[in-house]
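Report on one structure; see the data block that follows.
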Amino acid sequence: MFSKLKYLNAPDSVEYRDRFFNYKYEKGFLFKSTNFNGVKGKYPICFLLWNLAKDRELKSISIDIADESAKTIGTKHLQLIEKGDVINKWFERPKNSNEYILPPLSNGISVRENNSDTRHRARPDFLASICSKGNDFQNSKYVVILSSPSVSAGAFTVNDENFEKALVLHAVRKIPRPTWLNDRNQFLIPHTEPNQEFYNDCIIWSLFSSSNETTSLSNVEYLGNTYQIKNNFYPFLIEELKKWEIKDPDFRQQLSVDENRFVAKWIKKSELSEEAKEVLTKAKEVYKFFYSHINEMATQNWKIENWDSGWYQIRRCLNEHNFATEEMNELKKVSDDLANKILPQIEEFGFLDKDEVYEEI
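Start counting the sequence shown at 492; every next residue gets the next number (the numbering used here).
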């Protein structure tokens, strides 16, 4: 039959597959969805033959990959995923409190009120929220880090206990490039515990990725209360900032009475790889440029009022004014280098199955 692949490898399809479609696979092929006229999106469509007289014996199947001319150009080895195998089951998500409320965000600076499905619960040790919708490449575009609860389904609270694994999850889902062939591939719980350098590399990469939408917001009105949202993911120490050129006197005043953020303290005590250190060095140049030119920018467009402005606010404000282009390009280059170091280890540790084809074809 012609179909997508999700009934075979999606965790929500396990019961259907085991109870109603427990048949032996014989052979088949798949091709790009755009070979059908009028189809939106790019994903694999397969034509598979099943032996209804025999039960399935294997936990994986091999499917020929066909091009537009129906020529076989490769093989996709598809694992039949169980519910407990997927990356969102890797660690326990902290239970939020009904009494601890924070304004829900739809992006770094936009509060979503009057949502039919309110997602504003947090907890006293809340650091950030990561939206990790689904477990496949198709949903990886929704993975994002916010400084207050995300309005989206699949979000969870980041605290000091799950911080490292949460940021690894973020990096693992964002670094591999999505293609039509891997669109339904599932990210998995690693079969081998990653080493600390991998953890640290993923965290540093995540801090300066475009999906890090952490922010610092003042006087946020929500449900009749006023909130001050800190950026717990600010990467540099106050002692260091005090030595920089900062063209906003309010920021200098704030620095004199505030304290270092969680991530800055984590970085100080962590042993980083040379590649991660290079990312921090280039990022520091961007931050220095931001503070030394802050009086030349329309910062109100991005609700910039605090010294611990988030990466979302800083990069967008600079881009809006076409500032720090050289510094941003240098940062992107070393961030890409770090991502290229991380990428093969994603498969090596088992976050993606080694038999899965996920290179662009």
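C-beta: ideal position from N, C-alpha, C; glycine also.
On the premise that residue j lies in contact with residue i, defined as a C-beta separation below 8 angstroms, what is that separation, rounded to the nearest angstrom?
| i | j | result |
| --- | --- | --- |
| residue 639 | residue 595 | 7 angstroms |
| residue 694 | residue 655 | 7 angstroms |
| residue 566 | residue 576 | About 22 angstroms separates the two Cβ atoms, so there is no contact after all. |
| residue 814 | residue 780 | 7 angstroms |
| residue 699 | residue 494 | At roughly 40 angstroms, the Cβ-Cβ gap does not stay under 8 angstroms, so residue 699 and residue 494 are not in contact. |
| residue 629 | residue 584 | The Cβ separation is near 21 angstroms, so there is no contact. |
| residue 636 | residue 661 | 6 angstroms |
| residue 766 | residue 828 | 6 angstroms |
| residue 574 | residue 502 | 4 angstroms |
Please list, in chain order, all residues of the same chain as residue i whose beta carbon is under 8 angstroms from its beta carbon, the five residues on each side excluded.
| i | result |
| --- | --- |
| residue 732 | 746, 782 and 798 |
| residue 794 | 600, 706, 708, 709 and 804 |
| residue 734 | none |
| residue 810 | 819 |
| residue 553 | 566, 567, 568 and 569 |
| residue 614 | 585, 586, 587, 588, 591, 648 and 650 |
What residues in its chain sit with their C-beta under 6 angstroms from that of residue i, if we drop five residues either side in the sequence?
| i | result |
| --- | --- |
| residue 737 | 743 and 782 |
| residue 581 | 680 |
| residue 641 | 620 and 622 |
Let's see if you can read the secondary structure: which residues bound the alpha helix (DSSP H) around residue i?
| i | result |
| --- | --- |
| residue 740 | 740 to 748 |
| residue 810 | 802 to 811 |
| residue 654 | 654 to 665 |
I need the boundaries of the beta strand (DSSP E) containing residue i, first residue and last residue.
| i | result |
| --- | --- |
| residue 839 | Looking at the DSSP string, residue 839 is not in any beta strand (DSSP E); the run it does join, the alpha helix (DSSP H), is 816 to 839. |
| residue 677 | From DSSP, residue 677 is part of no beta strand (DSSP E); its letter is neither H nor E. |
| residue 751 | Premise fails: residue 751 is in no beta strand (DSSP E) and is neither H nor E. |
| residue 719 | 716 to 720 |
| residue 695 | No beta strand (DSSP E) holds residue 695; the alpha helix (DSSP H) holding it covers 687 to 698. |
| residue 590 | 588 to 592 |
Using the three-state DSSP reduction, which class does residue i fall into: helix, strand or coil?
| i | result |
| --- | --- |
| residue 634 | coil |
| residue 758 | helix |
| residue 627 | strand |
| residue 569 | strand |
| residue 531 | coil |
| residue 460 | Because the chain spans 492 through 852 in this model, residue 460 falls outside it and cannot be assessed. |
| residue 711 | strand |
| residue 525 | helix |
| residue 511 | helix |
| residue 725 | coil |
| residue 605 | coil |
| residue 671 | coil |
| residue 785 | helix |
| residue 500 | helix |
| residue 616 | coil |
| residue 555 | strand |
| residue 519 | strand |
| residue 650 | coil |
Figure out for me which residue from the options has the closest Cα to the Cα of residue i.
| i | options | result |
| --- | --- | --- |
| residue 703 | 711, 659 and 668 | 659 |
| residue 788 | 774, 775 and 806 | 806 |
| residue 773 | 678, 812 and 823 | 823 |
| residue 669 | 572, 780 and 843 | 843 |
| residue 718 | 726, 827 and 591 | 591 |
| residue 530 | 764, 642, 571 and 671 | 671 |
| residue 757 | 741, 769 and 723 | 723 |
| residue 760 | 622, 514 and 727 | 727 |
| residue 689 | 816, 838 and 633 | 838 |
| residue 739 | 752, 729 and 784 | 784 |
| residue 496 | 683, 560, 557 and 571 | 571 |
| residue 624 | 498, 632 and 790 | 632 |
| residue 833 | 618, 514, 644 and 667 | 667 |
Note down, in chain order, each residue of its chain lying with its Cβ closer than 7 angstroms to the Cβ of residue i, except the 5 sequence neighbours on either side.
| i | result |
| --- | --- |
| residue 517 | 540, 541 and 542 |
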